[in-house]
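I have placed the structure first, in the form of C-alpha cells, so that the comments after it can refer back to it.
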Ligand code: UDP
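Below, the structure written as C-alpha cells:
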C-alpha cells in the first residue's frame with residue numbers, strides 16, 4: 316500500500332445542482348469522512364449555503380473533513396436570471412436546456428480546481444458527463460453517481476437504442492431485463508431515443524457513454540433490496556458498481572436529519588409534537604420531492620382525496636400563499652382539517668417525519684431518495700410518479716417489492732402533475748392504510764427497513780462494499 320496509508324485520500328464530490336442530487340452527495344461525503352478521507356464538495360455559491368447548513372459538525376478545519384469549494388454559475392451567459400443555480404429555482408421546464416448548458420460551462424473552472432488541489436478521485440453526477448474527460452486529464456478515477464436504484468439503472472440501460480414502440484399508451488416489456496416489467500412509451504420519456512423532444516436523450520446518451528469510460532458507479536441502495544438488478548447491472552451490463560446505501564442513515568441525530576436540503580418551513584419539534592398526538596401508523600405523509608410544483612387542479616384533487624379518505628395527514632405543498640391564488644383550497648378545507656391535517660408550505664424535515672411511528676403511509680412521486688427513505692423507515696407507499704425515472708422506481712416498489720399501491724399515474728407530466736382525480740387519491744390512500752393488503756405491505760416494509768439498517772452496520776452489505784471501495788481507492792497508489 317506504500318505511502319498511501321499516511322496521506323489521506325482526497326475526494327471531490329460534484330453533485331448536480333438539484334436537492335435530490337446534492338442531499339445524497341453530502342451524505343456520501345460524510346460517510347467517506349468517517350473513514351478518514353478528506354472530502355471537498357464542489358458547487359455554486361447559492362447551493363453552498365444548503366450544503367454548509369447540512370454538514371454542520373462534519374465541517375471542520377481539519378484536514379480530514381468536508382470542505383466546500385464554489386464555482387460561479389454562468390446564469391447570464393445562458394440567458395437565465397441571476398440566482399438560477401438549482402433546478403428548483405428554474406421557473407419552467409423549458410429552461411432546463413439552458414440550465415444544462417450552464418453546467419457545461421463549469422468544466423473550465425472545475426478543471427482549474429483539479430489542477431490546484433489534485434484530489435485522488437472524483438465522484439461526479441451523471442449529469443456532468445464531461446467530468447470523465449476532466450478526470451482523465453489528471454490521471455485520476457471518476458466515479459459516477461446517478462442517485463437512482465439498480466432497478467432503474469438497468470431499465471435505462473435496457474432501453475438503450477430500443478425503438479420498437481409504436482404507440483404512446485400500449486405497454487411493452489422492457490427488453491433484456493430480468494423478469495417481465497411492462498412500461499409504456501409515455502412513461503419511458505426521454506430514456507427512449509424516439510421520444511427525444513426536449514433534447515434530454517442526448518444528455519442521457521452522453522451520460523451513458525461517459526459512464527462506460529469511467530472507473531465505476533456508486534449506487535445509493537443496498538444489495539438485499541434489489542439483488543437481481545444489482546447482479547444484472549454488474550454481470551450483464553458489465554458495470555463496476557458499489558452499493559453504499561441507504562445513505563440517509565449516515566445522519567444519526569435529529570439535528571442532522573432536520574438540516575438536509577432547504578431550511579424547514581416548520582419547526583421540527585412542533586411537527587414531531589403534532590405527530591406524537593397520533594396513533595402508530597395512522598398518518599399519511601404526502602410530499603412530491605424538491606422540484607415538482609403541482610398545478611392548482613391537482614392540489615385540489617389531493618385535498619379532496621385526503622379528506623374523503625378520512626385519514627390524518629401531513630401534506631407538503633410547495634406553493635406558498637404569497638405565490639398567488641389559493642383557489643385550489645376547497646371551501647372550508649383548512650378549518651375542517653384542523654387537528655386532522657397538517658399542511659407544510661415549503662420544505663419539510665422529511666427524514667424525521669418518515670421515521671416517526673405515527674406515519675402509516677407515504678404518498679410519493681417516487682424520486683429515488685424519497686423512495687429509499689420510505690423503505691428505510693419501513694413505510695408503505697402510494698406511488699405517484701410524474702417525471703424522470705420515477706415510473707421505473709414505481710415498478711420496483713409496487714410490482715417487485717410489493718410495498719406500494721399505485722395511484723394510477725399513466726403519463727409523464729413534467730414537474731407540474733395534473734392527471735389524477737380526487738377519488739383515485741381517496742381509493743389509493745384507503746388501500747394502503749386500511750385494507751387487508753395494507754397489513755401485508757406494512758409487514759414487508761418493516762422487514763425491508765430492518766435489512767436497510769443492517770446493510771449499513773459493521774459487516775453489512777453496504778458497509779462492506781463501501782470499505783472495499785475505499786480500500787481499492789487507497790491501493791491505487793496516490
Ligand atoms: N426533501 C425534504 N423535504 C421536503 C422535500 C424533499 O427533506 O420538503 C428531501 C427528501 O427527503 C429527499 C430529497 O429532498 O432526500 C428529494 O429527493 P428525491 O430523489 O426524492 O426527489 P427530487 O426532489 O429529486 O424530485
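Numbering (the working numbering), first residue to last: 316 to 793. Even for Gly, the Cβ is constructed at its ideal location relative to N, Cα and C.
Which of the three DSSP states, helix, strand or coil, is assigned to residue 318? Residue placement at residue 318 is flagged as unreliable, the pLDDT there being 43, under the threshold of 50; a coordinate-derived value is accordingly withheld.
Return the first residue and the last residue of the beta strand (DSSP E) that residue 352 is part of. Note, residue 352: premise wrong, no beta strand (DSSP E); not H, not E.
Expressed to the nearest angstrom, what Euclidean distance is found between the alpha-carbon atoms of residue 537 and residue 323? Approximately 27 Å between the Cα atoms of the pair.
Can the beta-carbon of residue 330 be found less than 8 Å from the beta-carbon of residue 684? In this structure, residue 684 does not lie closer than 8 Å to residue 330 by Cβ.
Under 7 Å from any heavy atom of the ligand UDP, does the C-beta of residue 671 make it? No - the ligand UDP has no heavy atom lying nearer than 7 Å to the Cβ of residue 671.
Kindly provide the ranges of any alpha helix (DSSP H) runs that are 4 or more residues long and lie completely inside the stretch 680 to 745, ordered along the chain. Every alpha helix (DSSP H) of 4 residues or more that sits fully in the stretch 680 to 745 is shown, in chain order, as 683 to 692, 705 to 710.
Considering only residues of the stretch 520 to 579, which uninterrupted beta strand (DSSP E) runs meet the minimum length of 3 residues and lie entirely inside it, listed in chain order? Restricted to the stretch 520 to 579, the beta strand (DSSP E) segments that are unbroken, complete and at least 3 residues in length are 531 to 534, 556 to 558, listed in chain order.
Can you grab the Cα-Cα spacing for the pair residue 688 / residue 672, in whole Å? Rounded to whole angstroms, residue 688 and residue 672 show a C-alpha spacing of 14 Å.
Can you check which of these residues, 720, 772, 488, is closest to residue 801 by C-alpha distance? Absent from the structure is residue 801, since the part of the chain shown begins at 316 and ends at 793.
In three-state terms, what does DSSP make of residue 630? Per DSSP, reduced to three states, the secondary structure at residue 630 is strand.
Return the chain-ordered list of same chain residues with a C-beta closer than 6 Å to the C-beta of residue 554, the five sequence neighbours on each side being excluded. Spatial neighbours of residue 554 in its own chain (CB-CB distance under 6 Å, excluding positions within 5 residues in sequence) are listed in chain order as 532, 548.
Taking 7 Å as the cut-off, does the CB of residue 366 come closer than this to any heavy atom belonging to the ligand UDP? Not one heavy atom of the ligand UDP falls within 7 Å of the beta-carbon of residue 366.
Mind checking whether residue 659 and residue 694 have CB atoms under 8 Å apart? Not closer than 8 Å, so no.
Where the beta strand (DSSP E) containing residue 658 begins and where it ends: From DSSP, the beta strand (DSSP E) with residue 658 extends over 656 to 660.
With DSSP collapsed to three states, give me the class of residue 617. In this structure, DSSP gives residue 617 a helical state, which the three-state scheme calls helix.
Within the same chain, show all residues whose beta-carbon is closer than 7 Å to that of residue 318, passing over the 5 residues directly before and after it, in chain order. Residue confidence for residue 318 is low, a pLDDT of 43 falling below 50, so the modelled location carries little weight and cannot support an answer.
Given this structure, state the Cα-to-Cα distance separating residue 718 from residue 675, to the nearest angstrom. Looking at the two C-alpha atoms, the distance is approximately 12 Å.
What are the uninterrupted segments assigned as alpha helix (DSSP H) that are 4 or more residues long and contained completely in the stretch 390 to 470, given in chain order? Qualifying alpha helix (DSSP H) stretches, in chain order: 411 to 419, 422 to 432, 446 to 452.
Counting only the same chain and skipping the five closest in sequence on each side, list residues whose C-beta sits under 6 Å from that of residue 477. So the qualifying residues of the chain are 490.
Under 7 Å from any heavy atom of the ligand UDP, does the C-beta of residue 666 make it? Yes, the beta carbon of residue 666 sits closer than 7 Å to at least one heavy atom of the ligand UDP.
Using C-beta distances below 6 Å, list every residue in its chain close to residue 596, excluding the 5 sequence neighbours before and after it, in chain order. Result list for residue 596: 675, in chain order.
Report the rounded CA-to-CA distance for residue 586 versus residue 544, giving the unit in angstroms. Distance between the alpha carbons of residue 586 and residue 544 is about 37 Å.
Any idea if residue 467 is buried or exposed, counting beta-carbon neighbours within 10 angstroms, 16 or more meaning buried? Of the other Cβ atoms in all chains shown, 16 or more fall within 10 Å of the Cβ of residue 467; this residue is therefore buried.
Just to confirm, does residue 484 get its C-beta within under 7 Å of one of the non-hydrogen atoms of the ligand UDP? No - the ligand UDP has no heavy atom lying nearer than 7 Å to the Cβ of residue 484.
Return the residue from the list 487, 701, 496, 479 that minimises the CA-CA distance to residue 607. Checking every option, the nearest Cα to that of residue 607 belongs to 701.
Inspect the CB distances between the stretch 611 to 622 and the stretch 645 to 656 and report whether three or more fall short of 8 Å. Yes: the two stretches touch, three or more of their Cβ pairs being nearer than 8 Å.
Any non-hydrogen atom of the ligand UDP within 7 Å of residue 658 CB: Every heavy atom of the ligand UDP is 7 Å or more from the Cβ of residue 658, so no.
With burial defined as no fewer than 16 other Cβ atoms inside 10 Å of the residue's Cβ, what is the status of residue 851: buried or exposed? Residue coverage of the chain in this structure runs from 316 to 793, which leaves residue 851 outside it and unanswerable.
Which one or two residues does DSSP pair with residue 601 in a beta bridge? BP columns for residue 601 point to 630, 678.
Between the stretch 557 to 565 and the stretch 638 to 650, do three or more beta carbon pairs fall short of 8 Å? No: the two stretches stay apart, fewer than three of their Cβ pairs being nearer than 8 Å.
Alpha carbon to alpha carbon, what distance is there between residue 535 and residue 462? Rounded to whole angstroms, the gap between the alpha carbons of residue 462 and residue 535 is 6 Å.
Give the DSSP bridge partners of residue 481, in chain order. Within the DSSP bridge table, the entry for residue 481 names no partner.
Closer than 7 Å: is that where the CB of residue 684 sits relative to any heavy atom of the ligand UDP? True, at least one ligand heavy atom lies under 7 Å from that Cβ.
Rounded to the nearest angstrom, what separates residue 316 and residue 669 at their Cα positions? The pLDDT assigned to residue 316 is 41, lower than 50, so where the model puts this residue is not dependable, and the model offers no usable value.
Helix, strand or coil for residue 337? Go by DSSP, reduced to three states. Of the three classes helix, strand and coil, the one that applies to residue 337 here is helix, per DSSP.
Tell me which residues share the same chain as residue 615 and place their Cβ nearer than 7 Å to its Cβ, disregarding the 5 neighbours each side in the sequence. 643, 645, listed in sequence order.
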